[in-house]
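**Q** Let me begin by handing over the structure; questions about it come next.
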């Protein structure tokens, strides 16, 4: 009967109360029995690492073992002067308690520690993989180089293997492909403009070559005309005057053509400069648009990270509230048990009829017999 009042029935982690707790250290078999009960209860728990509730249960069980160790160790320290002759025995039992329950705590928590290490490695691997979705800085390169980078990003598969990072990876991949597509379009504009400028330059060079050939042919004609005129000068003064007039007309025409060629060249140069200015303006606008889009993407990522931190904080708060409730329930249970035990101590332990009468008369706290 006394043994049943010291240790709560059905609760292996329950400890003896009051003087029974300190008196227990004088009997090693009692200590072994309490530790064995704690070990049996702890090891009967089947760890479940697949849910947050299961992992919290492992941590809670390990904490309960640690509290039992602390309670037993503290009880050993509180022995009175009358028990000092048993100090050596008590210290040995305390060491046994610390060593065995520390080992039990480590044994109970080991699956959770291993799971946490694996989870940390998995998260790091996924975060590292996110970096592969960041495009190389090829916005000012040629279209072929940018196409290679687009193909590389497209080849990265975003599926269930990304777990909780799948949505982030999918958004990052889409954003990277959008940026690369814009860079490709800007590069295509630059290349088209360069090709157009090269074409204009080639046409200008072709016109200059033809003009030079025409000028050379004209000079040759003039030379032949002058030679012929020199031969005919002595023949007739009138013919000479006519020739001089014709030469003046031809020279005026040559001057007109030369002026026209200069004006064409100046117009081509103005068109080239205008094309370069337009290309520079479009590149600047594309760069500014890209900078704005990158800033907006960064803000979205920071907002998502803040929501995740808020979610984790809320889960921790709920866990703390649940733990406080369990501790309050345990304290209430211990108080009720102790009050019942105190009521039973006043009875004759061997007189079952006295116990029955006490229960019927309501003398045992928190108990009631219905007749």
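Residue numbers (the working numbering): 209 to 579. All C-beta atoms in this analysis are idealised placements derived from N, C-alpha and C, irrespective of residue type, glycine included.
For residue 285 and residue 506, what's the separation of their Cα atoms in angstroms?
**A** As a first step, residue 285 is located in the chain shown; it is residue number 77 there, counting from the start. As a first step, residue 506 is located in the chain shown; it is residue number 298 there, counting from the start. About 59 Å.
**Q** So is residue 186 buried or exposed if we call it buried at 16+ other beta carbons inside 10 Å?
**A** Past the edges of the chain, shown from 209 to 579, lies residue 186, and the structure says nothing about it.
**Q** Identify the continuous alpha helix (DSSP H) that holds residue 250 and give its terminal residues.
**A** On the chain shown, residue 250 is found 42 positions in, with the first residue counted as 1. Per DSSP, residue 250 belongs to the alpha helix (DSSP H) from 236-251.
**Q** Compare the beta carbon distance of residue 242 and residue 273 with 8 Å and say whether it is the shorter of the two.
**A** On the chain shown, residue 242 is found 34 positions in, with the first residue counted as 1. On the chain shown, residue 273 is found 65 positions in, with the first residue counted as 1. No, Cβ-Cβ distance for residue 242 and residue 273 is not below 8 Å.
**Q** CB-CB under 7 Å to residue 469, same chain, minus the five flanking residues each way: which ones, in chain order?
**A** Locating residue 469 in the chain shown gives position 261, where the first residue counts as 1. Within the same chain, residue 469 has close Cβ partners 419.
**Q** Any idea what DSSP makes of residue 349, helix, strand or coil?
**A** Counted from its first residue, the chain shown places residue 349 at position 141. Residue 349 falls in the coil class under three-state DSSP.
**Q** Assuming residue 349 and residue 395 form a contact by the criterion Cβ under 8 Å, report the distance between their Cβ atoms to the nearest whole angstrom.
**A** Taking the chain shown and counting its residues from 1, the one referred to as residue 349 is at position 141. Taking the chain shown and counting its residues from 1, the one referred to as residue 395 is at position 187. The Cβ separation is near 7 Å, so the contact holds.
**Q** From residue 372 to residue 318, what distance separates their C-alpha atoms?
**A** On the chain shown, position 164 is the one that residue 372 refers to. On the chain shown, position 110 is the one that residue 318 refers to. Going from the Cα of residue 372 to the Cα of residue 318 covers about 25 Å.
**Q** If we ignore side chains and look at the alpha-carbon of each, how far apart do residue 356 and residue 386 end up?
**A** Counted from its first residue, the chain shown places residue 356 at position 148. Counted from its first residue, the chain shown places residue 386 at position 178. The alpha-carbon atoms of residue 356 and residue 386 are separated by roughly 15 Å.
**Q** Taking buried to mean at least 16 other C-beta atoms within 10 Å of its own C-beta, is residue 561 buried or exposed?
**A** As a first step, residue 561 must be located in the chain shown, where it is residue number 353. With fewer than 16 other Cβ atoms within 10 Å, it is exposed.
**Q** When we look at the beta-carbon of residue 269 and count the other beta-carbons within 10 Å, is it buried (16 or more) or exposed?
**A** Walking along the chain shown from the start, residue 269 turns up at place 61. By the neighbour-count rule (16 or more Cβ atoms within 10 Å), residue 269 is buried.
**Q** Of all the options 430, 383, 482 and 312, which has the alpha carbon lying nearest to the alpha carbon of residue 245?
**A** Here residue 245 refers to the residue found at position 37 when the chain shown is read from its first residue. Of the listed residues, the one whose Cα sits closest to residue 245 is 312.
**Q** Quick one: grab the DSSP three-state call for residue 365.
**A** As a position in the chain shown, residue 365 is number 157, starting the count at 1. Residue state, collapsed to three classes: coil.
**Q** I need the boundaries of the alpha helix (DSSP H) containing residue 572, first residue and last residue.
**A** As a position in the chain shown, residue 572 is number 364, starting the count at 1. Counting along the chain, residue 572 falls outside any alpha helix (DSSP H), and DSSP gives it neither H nor E.
**Q** Report the CB separation of residue 390 from residue 494 in whole angstroms; it is logged as a contact under 8 Å.
**A** Indexing the chain shown from 1 puts residue 390 at position 182. Indexing the chain shown from 1 puts residue 494 at position 286. Yes, they are in contact, since the Cβ atoms of residue 390 and residue 494 sit about 7 Å apart, within 8 Å.
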